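Peer 1: In my numbering, the protein residues as written are 124 to 184.
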C-alpha cells in the first residue's frame, strides 16, 4: 500500500509530551496525535485515516 501524502504542520510540547498536527495533503483534514517523533506521528495519522476510510485500504486496491 502506498502511503497517503501527509505532512507535519506543527509540533507542540504539552505537559511533557509531544503532540503533532499532521495534515492530509490537498484537504483541510488535520490529525492531532501524540508521538515521540515526526515519523511516528505520520504513521499514527496514516492509521487513523485508514480507519476513517479517508484513504483506500490495501484490500480495495
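We put the beta carbon where it would ideally sit given N, CA and C, even for glycine. Because the structure is a prediction, the values reported are computed rather than measured.
Between the Cα of residue 145 and those of 138, 154 and 137, spot the shortest distance and give me the residue it belongs to.
Peer 2: Position 22 of the chain shown, counted from the start, is the residue given in the question as residue 145. Looking from the CA of residue 145, the closest CA among 138, 154 and 137 belongs to 154.
Peer 1: Using CA atoms only, rank isn't needed, just tell me which of 175, 142, 180 and 169 is closest to residue 148.
Peer 2: By 1-based counting over the chain shown, the position of residue 148 is 25. When only C-alpha atoms are compared, the closest one is 169.
Peer 1: With distance defined between alpha-carbon atoms, name the residue in 175, 138 and 152 nearest to residue 130.
Peer 2: Translated into positions along the chain shown, residue 130 becomes position 7. Of 175, 138 and 152, the residue nearest in Cα terms is 152.
Peer 1: Report all residues from its chain with a CB closer than 6 Å to the CB of residue 132; omit the five preceding and five following residues, and keep chain order.
Peer 2: The residue given as residue 132 occupies position 9 in the chain shown. Taken in chain order, the residues that qualify are 144 and 146.
Peer 1: Where do the ends of the alpha helix (DSSP H) carrying residue 165 lie?
Peer 2: As a position in the chain shown, residue 165 is number 42, starting the count at 1. 161 to 174 is the extent of the alpha helix (DSSP H) around residue 165.
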